[in-house]
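For the sequence shown, this note's numbering assigns the number 62 to the initial residue and increments by one for each residue that follows.
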Amino acid sequence: MSDATNAGQSGGETATLRLPSGEHEFKVVNPVEGAPGIELGKLLAQTGYITYDPGFVNTGAASSAITYIDGDAGILRYRGYPIEQLAEKSTFIEVSYLLIYGELPTEAQLADFSERIQRHTLLHEDLKAFFSGFPRDAHPMPVLSSAVSALSTFYQDSLNPFDEPNVELSTIRLLAKVPTLAAYAYKKSVGQPLLYPDNSLGLVENFLRMTFGFPAEPYEVDPDIAKALDLLFILHADHEQNCSTSTVRLVGSSEANLFASISAGINALFGPLHGGANAAVLEMLEGIRDDGGDVATFVNRVKNKEKGVKLMGFGHRVYKNYDPRAKIIKNTADEILGKLKGGDQLLDIAKKLEETALSDDYFVERKLYPNVDFYTGLIYRALGFPTKFFTVLFALGRLPGWIAHWREMINDPQTKIGRPRQIYTGHASRDYTPMSER
Ligand SMILES: CC(=O)SCCNC(=O)CCNC(=O)[C@H](O)C(C)(C)COP(=O)(O)OP(=O)(O)OC[C@H]1O[C@@H](n2cnc3c(N)ncnc32)[C@H](O)[C@@H]1OP(=O)(O)O
Ligand SMILES: O=C([O-])CC(=O)C(=O)O
Numbered sequence: 062m063s064d065a066t067n068a069g070q071s072g073g074e075t076a077t078l079r080l081p082s083g084e085h086e087f088k089v090v091n092p093v094e095g096a097p098g099i100e101l102g103k104l105l106a107q108t109g110y111i112t113y114d115p116g117f118v119n120t121g122a123a124s125s126a127i128t129y130i131d132g133d134a135g136i137l138r139y140r141g142y143p144i145e146q147l148a149e150k151s152t153f154i155e156v157s158y159l160l161i162y163g164e165l166p167t168e169a170q171l172a173d174f175s176e177r178i179q180r181h182t183l184l185h186e187d188l189k190a191f192f193s194g195f196p197r198d199a200h201p202m203p204v205l206s207s208a209v210s211a212l213s214t215f216y217q218d219s220l221n222p223f224d225e226p227n228v229e230l231s232t233i234r235l236l237a238k239v240p241t242l243a244a245y246a247y248k249k250s251v252g253q254p255l256l257y258p259d260n261s262l263g264l265v266e267n268f269l270r271m272t273f274g275f276p277a278e279p280y281e282v283d284p285d286i287a288k289a290l291d292l293l294f295i296l297h298a299d300h301e302q303n304c305s306t307s308t309v310r311l312v313g314s315s316e317a318n319l320f321a322s323i324s325a326g327i328n329a330l331f332g333p334l335h336g337g338a339n340a341a342v343l344e345m346l347e348g349i350r351d352d353g354g355d356v357a358t359f360v361n362r363v364k365n366k367e368k369g370v371k372l373m374g375f376g377h378r379v380y381k382n383y384d385p386r387a388k389i390i391k392n393t394a395d396e397i398l399g400k401l402k403g404g405d406q407l408l409d410i411a412k413k414l415e416e417t418a419l420s421d422d423y424f425v426e427r428k429l430y431p432n433v434d435f436y437t438g439l440i441y442r443a444l445g446f447p448t449k450f451f452t453v454l455f456a457l458g459r460l461p462g463w464i465a466h467w468r469e470m471i472n473d474p475q476t477k478i479g480r481p482r483q484i485y486t487g488h489a490s491r492d493y494t495p496m497s498e499r
């Protein structure tokens with residue numbers, strides 16, 4: 062049994078931890094109200110205690126200055142800037158700069174950053190050949206993670222994580238080439254020819270053209286589509302220690318290079334409990350529509366915990382209030398969908414589902430609200446993307462956050478190789494039994 066007193070007070074007070082081994086004084090340094098703090102974690106480690114925390118619900122694995130979330134109040138800030146202001150006033154490229162370098166860029170810094178990215182959008186021709194090795198119906202997420210992993214075979218100058226100029230170059234290469242790789246994963250899946258990037262275009266416009274355009278044919282970027290996608294990328298750009306970002310940091314903590322770490326992050330994002338939820342939500346909405354649109358019956362199946370039935374796009378490890386990004390997306394969905402194709406039956410089902418859930422004790426008691434994935438699929442679909450591609454779009458948005466975290470991790474003197482402990486539940490020592498006696 063352990064007990065910590067004064068643990069919630071910030072401001073450098075001391076508190077006492079009572080363990081069977083005795084009383085231990087520690088300094089409370091964590092600014093978050095109610096959290097015992099970094100010093101307590103360190104003290105527990107020193108005293109040899111293993112905290113059993115499956116899913117790392119209460120484990121602070123890093124200290125970070127990138128993104129702040131108050132899950133009870135529904136607050137999200139990148140580098141201190143509220144997500145609502147960034148969504149309204151900024152652009153994805155500017156937010157990428159902010160996350161990676163810590164400050165909003167000046168006009169000259171942004172121009173230089175954009176230009177450096179534009180110069181690196183082309184893929185090595187041999188890397189393009191890589192795409193013909195996959196089956197045509199391959200899911201684009203593993204195609205993307207494999208291609209990103211392959212970048213370290215083309216750029217061997219990226220292998221040393223402490224070589225700062227090359228980390229900077231890898232950063233730019235990733236921001237420039239991942240949209241090209243993503244567009245090619247799409248083109249391959251629909252059996253269409255690959256397009257070279259057009260570097261007179263901005264990052265989002267270039268990606269749209271490489272995805273939906275055809276070689277030697279003019280492609281007019283629809284500004285409404287580009288703006289909608291840019292907004293969604295901003296909203297996905299970072300979310301502190303989520304599963305994929307933690308994966309990037311964990312892989313990077315072994316001093317694996319940036320490309321290898323980001324490739325691992327893409328694989329972590331693939332799962333339906335994380336980034337894959339955006340596709341799962343759309344499949345769920347289509348299922349409800351195809352069954353006659355009966356939202357109440359579906360909600361009952363969720364409440365009865367029918368195997369494999371969850372309200373996808375609902376619930377969050379940190380938000381116990383409305384996800385501020387879902388609020389922004391919901392508020393703009395009508396406008397965006399209206400502009401693109403005039404309403405959507407699935408949007409009506411989604412809104413009805415939300416209304417039903419939020420007035421039901423099951424969801425209220427568990428503080429389950431729509432998360433960022435609940436409304437995004439409807440917009441991606443209206444923009445013309447197939448469901449299988451939705452999580453790739455999430456990866457494009459999350460990329461600057463992953464990079465920012467990897468760089469913060471590699472430069473943090475407190476970083477240690479990620480290596481959790483376990484509570485062993487297997488056999489105690491026993492003697493080997495010869496085959497003839499088994
Ligand atoms: C970008 C992102 O990654 S956002 C998340 C995207 N994922 C989804 O939308 C998938 C659906 N949601 C979920 O599976 C979960 O809410 C997660 C994975 C996001 C968070 O999981 P956790 O923090 O571990 O929550 P946990 O699973 O402990 O849920 C607490 C309770 O709410 C229930 N619950 C959580 N989410 C849901 C849901 N979407 N539908 C129905 N019940 C749910 C759980 O069954 C549990 O109930 P219980 O106390 O009766 O056992
Ligand atoms: O933070 C999380 O656990 C999930 C996530 O990535 C997000 O909500 O964007």
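Positions of the beta carbon are idealized from the N, C-alpha and C atoms, including for glycine.
### Task
Spell out whether any CB of chain B is found under 9 Å from the CB atom of ILE154.
Absence of chain B from the displayed structure is noted, only one protein chain being present.
### Query
LEU262: which of LEU184, ILE389 and SER175 sits nearest, CA to CA?
SER175
### Same chain, Cβ closer than 6 Å to ARG234, five either side skipped, listed in chain order
HIS181
### Task
Flag GLY336 as yes when its Cβ comes closer than 8 Å to any non-hydrogen atom of ligand 1, and as no otherwise.
yes
### Query
Of all the options ARG350, GLY337 and ALA394, which has the alpha carbon lying nearest to the alpha carbon of PHE375?
GLY337
#### Entry: Bounding residues of the beta strand (DSSP E) (the contiguous stretch that carries LEU137)
136 to 139
### Query
Which term fits THR77, buried or exposed, when burial requires 16 or more other beta carbons within 10 angstroms of its beta carbon?
exposed
### Query
What do you reckon, is the C-beta of PRO385 under 8 Å from a heavy atom of ligand 1?
no
### Message
Rounded to the nearest angstrom, what separates TYR504 and MET202 at their Cα positions?
### Response
Beyond the ends of the chain as shown, which are 62 and 499, falls residue 504; an answer cannot be given.
### Query
For ALA298, which of ALA277, THR128, PHE191 and ASN361 has the nearest alpha-carbon?
THR128
### Task
Mark GLY95 as exposed unless 16 or more other C-beta atoms lie within 10 angstroms of its C-beta, in which case mark it buried.
Only weak support exists for where GLY95 lies, its pLDDT of 48 falling under 50; the value from the coordinates is given anyway. It is exposed - the Cβ of GLY95 has fewer than 16 other Cβ atoms within 10 Å.
### Contacts around THR152, its chain only, beta-carbon distance under 8 Å, and the 5 residues preceding and following it disregarded
ASP291 and ILE295
#### Entry: Cβ neighbour criterion (16 or more within 10 Å) applied to PHE223
exposed
### Task
Quick one: using the 10 Å Cβ neighbour count with 16 as the cut-off for buried, is MET271 buried or exposed?
buried
### Query
If you drop the 5 nearest sequence neighbours on each side, which residues of the same chain put their C-beta closer than 8 Å to that of HIS335?
ASN303, CYS304, SER305 and ALA329
### Message
If distances are taken between C-alpha atoms only, which option among ASP259, HIS300, PHE331 and ALA394 comes closest to VAL379?
### Response
HIS300
#### Entry: Helix, strand or coil at GLU86 according to DSSP, with G and I counted as helix
strand
### Query
Which two residues bound the contiguous alpha helix (DSSP H) that contains TYR436?
434 to 444
### Message
ligand 1 and ASP434: does the residue's C-beta get closer than 8 Å to at least one heavy atom of that ligand?
### Response
yes
### Query
Expressed to the nearest angstrom, what Euclidean distance is found between the alpha-carbon atoms of VAL356 and TYR383?
21 Å
### Task
Just the C-alpha distance for ASN267 and PRO115, rounded to the nearest angstrom, thanks.
42 Å
#### Entry: Residue range of the unbroken alpha helix (DSSP H) whose run includes ARG310
304 to 313
#### Entry: Sequence-distant residues of the same chain with beta carbon closer than 6 Å to SER157, five excluded per side
PRO461
### Message
Does the beta-carbon of VAL356, which I'm using as the reference point, lie nearer than 8 Å to any heavy atom of ligand 1?
### Response
no
#### Entry: Segments of 4+ residues assigned as alpha helix (DSSP H) that fall wholly inside the region 362 to 409
385 to 402
### Message
Is the separation between the beta-carbon of PHE525 and that of VAL209 shorter than 9 Å?
### Response
It is not possible to answer for residue 525, since the shown part of the chain is limited to 62 through 499.
#### Entry: Cα-Cα separation, GLY369 to VAL342
13 Å
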